[in-house]
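Below: one structure, written as structure tokens.
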Ligand code: SF4
Ligand code: SF4
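Chains as they are written, first to last, in my numbering: chain X, 106 to 299; chain E, 899 to 1107.
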């Protein structure tokens, strides 16, 4: 399957229909204006032909995002919390200006949280967040559907915790079959996961 | 003849075209972002950065509140929209609304507190985080902080003006949906002075009056 596929922004499309002429697979020719991503081979001919710049090529898989240092993340979260507080205060004040301030703080906070590791819906962070919400009965259905629709683009590391049943040594991370307890030399089978 | 530049949005007041800067009234504000006259600096002059206090205790441990979860989800909904993932976007929006309807009580409902929190961000919090991000050479964070700082400063100015003149909000109010810049008045700048998107990305705030 091609690395990317074409998407038409319907709001920009002027229906000049050049894309239909150039597409080698007929992927652009659909009755609902949505380019058929199964047929599309990502050649980009339609995007080049489009006079309205209505077509862009979207990667099928996004690369993992740049990592931020933990210290930066904590700092950004502090600002997030301040902007969230201001959004909240503004929401209690009955005036048009307060509404604008509420909105403005929301937009700033979204920008901050994006740079604090939540840019991509496909990221491991997003996945971990969704997993942490799946036990909430109010939103279980929504969260489950999202988890089935969105394929993570990086490995989600959930830290496993294993305890040696003989000496109590704690091992974090994966447990391989040839692991032996560094303290009491018991095999992996002596460990229980919590 | 001199040129004066707004230190917030970069607007240039050229004395050749617009008359002597010093002769402008004290109430003069930047036509683009409405910053005070004192925010203007002479072009060519170096701006000396204020010393800032960087000894702010940053949070040690972080768990999101419901309101923050709502922000996280509305952000992810936008992320999905950019990728044309309509269904996913609508699900994240539903989550954002769910968390929003369960949000914590506001720590205050007072305009004065709003202003002082905002002022704290401008003077202390954002400069501190900038220092941390500079240390780690985190350009993404620095970009977001630069926008946040400017938008916060403009909002501060607007709230100060509002304290003196409540009729200010009878004018049209727009918010830039990309960076949060608030514009009051009819003659919208073509590009957002902060993040430079075209003004069709602005959203008009309705209601009140
Ligand atoms: S070429 Fe562009 S404007 Fe024309 S129909 Fe295709 S997408 Fe629309
Ligand atoms: S990228 Fe190529 S195959 Fe895909 S829709 Fe455009 S022209 Fe057709």
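Yeah, the Cβ is synthetic: ideal placement off N, Cα and C, and Gly gets one too.
Closer than 9 Å to the CB of residue 1094 of chain E there is not a single CB belonging to chain X.
Residue 190 of chain X is positioned such that its CB atom lies closer than 9 Å to that of residue 1004 of chain E. Between the beta-carbon of residue 140 of chain X and that of residue 111 of chain X there is about 5 Å, and that keeps the pair under the 8 Å contact cut. Cβ neighbours of residue 188 of chain X within its own chain (closer than 7 Å, five residues either side excluded): 210, 213, 214, 217. The three-state secondary structure of residue 164 of chain X, taken from DSSP, is strand. For residue 929 of chain E, no pairing in a beta bridge is given by DSSP. Within chain X, the residues placing a beta-carbon under 8 Å from that of residue 966 of chain E are 185, 186, 189, 214, 218, ordered along the chain.
Contact between residue 1092 of chain E and residue 1045 of chain E holds, since their C-beta atoms are separated by about 6 Å, short of 8 Å. In this structure, residue 156 of chain X sits near residue 123 of chain X, with a CB-CB distance shorter than 9 Å. Of the residues E/940, E/1067, E/1035, E/1100, the one whose Cα lies closest to the Cα of residue 1087 of chain E is E/1100.
Sequence-ordered contacts of the stretch 1054-1077 of chain E with chain X read 1056, 1057, 1060, 1064, 1066, 1067, 1068, 1071, 1072, 1073, 1074, 1075, 1076, 1077 [C-beta pairs closer than 9 Å]. In chain E, no part has a C-beta under 8 Å from the C-beta of residue 283 of chain X; the shortest such distance is about 36 Å. C-alpha of residue 1037 of chain E to C-alpha of residue 289 of chain X: approximately 48 Å in a straight line. Neighbourhood of residue 247 of chain X in chain E, by CB distance below 7 Å: 989, 992, 993, in chain order. Boundaries of the beta strand (DSSP E) around residue 111 of chain X: 109-113. Apart from sequence neighbours up to five positions away, the residues of its chain that approach residue 107 of chain X with a beta-carbon distance below 6 Å are 146, 147, ordered along the chain. Residue 169 of chain X carries a coil assignment under DSSP once its states are collapsed to helix, strand and coil. By the Cβ test, the stretch 1013-1020 of chain E is not in contact with the stretch 1065-1078 of chain E, since fewer than three Cβ pairs between them sit closer than 8 Å. Around the beta carbon of residue 219 of chain X, a 10 Å sphere encloses 16 or more other beta carbons of the protein chains shown; the residue is thus reported as buried.
In the same chain as residue 236 of chain X, and ignoring 5 residues on each side of it, no C-beta atom comes closer than 7 Å to its own. Relative to ligand 2, residue 127 of chain X has its C-beta within less than 8 Å of a heavy atom. Beta-bridge partners of residue 901 of chain E (DSSP): E/912.
Not a single heavy atom of ligand 2 lies less than 8 Å from the C-beta of residue 108 of chain X. At a beta-carbon threshold of 9 Å, the residues of chain X lying near residue 1034 of chain E are 173, 174, 176, 177, ordered along the chain.
DSSP, read as helix, strand or coil, puts residue 940 of chain E in strand. Residue 1100 of chain E is bridged by DSSP to E/1074.
Under the three-state reduction of DSSP, residue 285 of chain X is assigned to strand. The stretch 988-1007 of chain E and the stretch 971-978 of chain E touch, with no fewer than 3 CB-CB distances between them shorter than 8 Å. A residue is called buried once 16 or more other Cβ atoms fall within 10 Å of its Cβ, and residue 231 of chain X is buried on that count. The beta-carbon distance between residue 1082 of chain E and residue 1052 of chain E, rounded to whole angstroms, is 10 Å. This is too long to meet the 8 Å contact definition. DSSP, read as helix, strand or coil, puts residue 255 of chain X in coil. In this structure residue 932 of chain E does not touch residue 924 of chain E by the C-beta definition: roughly 15 Å separates them, more than the 8 Å allowed.
If you look at residue 269 of chain X, you'll find it in the beta strand (DSSP E) that goes 266-269. With a cutoff of 8 Å, residue 148 of chain X does not count as near ligand 1, since its C-beta is closer than that to no heavy atom of the ligand. Counted as a single uninterrupted DSSP element, the stretch harbouring residue 1065 of chain E is not any beta strand (DSSP E), since DSSP gives it neither H nor E.
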